[in-house]
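Engineer: First residue of the sequence shown? That's 12 in my numbering, and the numbers climb one at a time after it.
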Amino acid sequence: MVEPVRAFLLSLCCVLVAVGRLAAAQPTPLVVEADRIAYDTVARTVEASGRVRLRYGDLVASADYLFADLVAGEVLLRGNVRAARADQRVAAEEVRYRLDLGEGWATDVQAVADRAYLRARRLELGRDRLVAQDALATLCDPQSPLFHVTAQRITVFPGQRLVAEGASLWVGGARILTLPRYEVRLESPERVSQSFPSPELGFDALSGYWIALRYPYRLGDVEAEAYARYNTGIGFEIRNTLRAGLLGGTAQLTTGTVRDSEGRPVDLAELRYTSGPWRIGDLASSLALAAGQYRERVTGAESPRFEAVVEARTPTWRLGDRWSVDGSGGLRHSAYRDRALSVPTLTVSVAYATAPHAAAYLSYAWTEAYGSTPFLFDAPTRQSAVTLGYRQARDGLAFDLGVQYDAALQHLRLLASVQAALGDGWRVRTFAKYNSTLAVLEELDLQVGRLCDCADFNVTYRVPQGQFWVTVNLVPSPRVREAVPPPAP
12 MVEPVRAFLL SLCCVLVAVG RLAAAQPTPL VVEADRIAYD TVARTVEASG RVRLRYGDLV
72 ASADYLFADL VAGEVLLRGN VRAARADQRV AAEEVRYRLD LGEGWATDVQ AVADRAYLRA
132 RRLELGRDRL VAQDALATLC DPQSPLFHVT AQRITVFPGQ RLVAEGASLW VGGARILTLP
192 RYEVRLESPE RVSQSFPSPE LGFDALSGYW IALRYPYRLG DVEAEAYARY NTGIGFEIRN
252 TLRAGLLGGT AQLTTGTVRD SEGRPVDLAE LRYTSGPWRI GDLASSLALA AGQYRERVTG
312 AESPRFEAVV EARTPTWRLG DRWSVDGSGG LRHSAYRDRA LSVPTLTVSV AYATAPHAAA
372 YLSYAWTEAY GSTPFLFDAP TRQSAVTLGY RQARDGLAFD LGVQYDAALQ HLRLLASVQA
432 ALGDGWRVRT FAKYNSTLAV LEELDLQVGR LCDCADFNVT YRVPQGQFWV TVNLVPSPRV
492 REAVPPPAP
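#1: Evaluate Arg221 with the Cβ neighbour count: other Cβ atoms within 10 Å of its Cβ, from every protein chain shown; 16 or more gives buried, anything less gives exposed.
#2: Can you look up Val142 in the DSSP assignment and give me helix, strand or coil?
#3: According to DSSP, is Ser383 part of a helix, a strand, or is it coil?
#4: Assuming Gly382 contacts Ala419 under a Cβ cut-off of 8 Å, what Cβ separation, rounded to an integer in Å, is found between them?
#5: For Pro276, which three-state DSSP category applies?
#6: When we look at the beta-carbon of Ile249 and count the other beta-carbons within 10 Å, is it buried (16 or more) or exposed?
#7: Is the CB-CB distance between Thr285 and Thr261 below 7 Å?
#8: Starting from the N-terminal side, write out each stretch of the beta strand (DSSP E) that is 3 residues or longer and does not extend beyond the stretch 151 to 215.
#9: Can you look up Arg229 in the DSSP assignment and give me helix, strand or coil?
#10: State the start and end residues of the unbroken beta strand (DSSP E) segment that holds Arg393.
#11: Starting from Leu457, follow its DSSP beta bridges and name the residues at the other end.
#12: Which parts of the stretch 277 to 349 are runs of the beta strand (DSSP E), unbroken and 3 residues or longer, counting only runs that do not cross its ends?
#13: Using CA atoms only, rank isn't needed, just tell me which of Asp417, Leu136, Gly436 and Gln430 is closest to Arg504.
#14: Would you list the residues sitting across from Leu355 in a DSSP beta bridge?
#15: Can you tell me which of the three DSSP states Arg55 falls into?
#16: Name the one or two DSSP bridge partners that Leu449 has.
#17: For Ser339 versus Thr327, is the C-beta distance shorter than 7 Å?
#18: Report buried or exposed for Val53, applying the criterion of at least 16 other Cβ atoms within 10 angstroms of its Cβ.
#19: What does the alpha-carbon distance come out to for the pair Arg492 and Val82?
#20: Using 7 Å as the threshold, is the C-beta distance between Phe207 and Leu485 below it?
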């Protein structure tokens, strides 16, 4: 038996010499370590067994057995195979891999790609995708997934999306829906959450008790979302949204009923275009255009509206080690059937870092209104407010305390925001705004949330308004990554 260290050196030298013809096109070395290695100088093959470990570019793998054809550039790994490439992990009984193409396939496989777990009879490994046959995919704990998808074929484009064809959606052990195609976005945890149905329920004085369901879907390249809500006080409301990329930005068509920031229902048919950000010097700028028909249920006001919004934001300028300055500005112009409204805004903030995770700040916010609107939902609040505050974020606790004086209304307010992670998936958040001039608590929001594996529960209570609502969203479970171990050291 050749000693392991000598086996490694021998295999490395043999491989580097044997791939001479391939080396001109692919200079990346193939490195193999094992307890036993045999090299055939005539056939130019390498056979290894016992604690096999392979490295080739960003591919790292371990197995019980390896056979490499250096002329064809093919590698076979068999027995307790573990492989990792970029953010992908694979555990399989057998893997065949083409070194020159960066492609291969695996059988009886488990895989993790980005935030998704896959289990399949066969998995094709491509440079830019994974294709699984007769597969299961989930974002939850694979041992007992709360929600999962089974499909005839699942394709994962890392960092982009997961596409299931001939798909069935399961909650626990119950199949709830069968679809010809189902897609999950993988760009971020937020995009992942937006790809799944989300139930909601709550109460407010206008609507009474209500229950709702948000259901995302796709029409080709168009992202879509259907929303249905039943209110015991005012009945049903339905909304549908279509969204697609256009000219470097996003076009969105919304029809149905939406709710404004105060929870008031507005019926609309609106087409909106939001440009991608562009830069003017150091300024990051954006443009939004909207046109539609609107009817406000609370006031009965109804009118077409054409709107343009331009916004610009400065970078954060550092002034020495502790001082920083940033600002933003914008202009919204809305034209209605019989009137128009222009709303300019400006904000400036100066901060002084008192510690690595803490800062005192002084900010100014100005909003003015020229003209009028027939609606409540887009009516601006005039302000000329100076805020002096202190914020800190550290060790699962973040808070922001401030005093604000609004010269436009001559009101003095006290502001407080606190967020805390309590462990075991629990978190709390509260925001309060007290008007000391009027002796009125204008806002008090209390929120409690908990992450249970892949289910994110949130309960929010707005005290002055007497509103509460509960939302449930699916998010990637931290246990997904642990389901497929990395290659053996």
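Just so you know, even glycine gets a beta-carbon here, dropped at the ideal spot from N, CA and C.
Structural biologist: According to the structure shown:
#1: Inspection of the sequence shows that residue 221 is occupied by Trp rather than by Arg. Burial is judged here by how many other beta carbons sit within 10 angstroms of a residue's own beta carbon; Trp221 has at least 16 and is buried.
#2: Note: Val142 maps to strand in three-state DSSP.
#3: Coil at Ser383, not helix or strand.
#4: The pair is not a contact, with the Cβ atoms about 17 Å apart (cut-off 8 Å).
#5: Note: Pro276 maps to strand in three-state DSSP.
#6: Flag for Ile249 reads exposed.
#7: Yes; because the gap between Cβ atoms is below 7 Å, this pair is in contact.
#8: The beta strand (DSSP E) runs lying completely inside the stretch 151 to 215 and spanning 3 residues or more are 158 to 168, 172 to 182, 185 to 196 and 209 to 215, given in chain order.
#9: In this structure, DSSP gives Arg229 an extended state, which the three-state scheme calls strand.
#10: Counting along the chain, Arg393 sits inside no beta strand (DSSP E), nor does DSSP assign it H or E at all.
#11: In DSSP, Leu457 forms a bridge with Thr441 and Tyr472.
#12: Listed in chain order, they are 289 to 291, 294 to 307, 313 to 324, 328 to 330 and 334 to 346.
#13: Residue 504 is absent from the structure shown; the chain starts at 12 and stops at 500.
#14: The amino acid at residue 355 is misidentified as Leu; the sequence shows Pro. Note: Pro355 sits in a beta bridge opposite Leu342.
#15: Residue state for Arg55 is assigned as coil, using DSSP reduced to three classes.
#16: Answer by DSSP bridge pairing: none, since Leu449 is not bridged.
#17: For Ser339 and Thr327, no; Cβs fall outside 7 Å.
#18: Its Cβ having fewer than 16 others within 10 Å, Val53 is exposed.
#19: Rounded to whole angstroms, Arg492 to Val82 spans 35 Å at the Cα level.
#20: Contact: yes.
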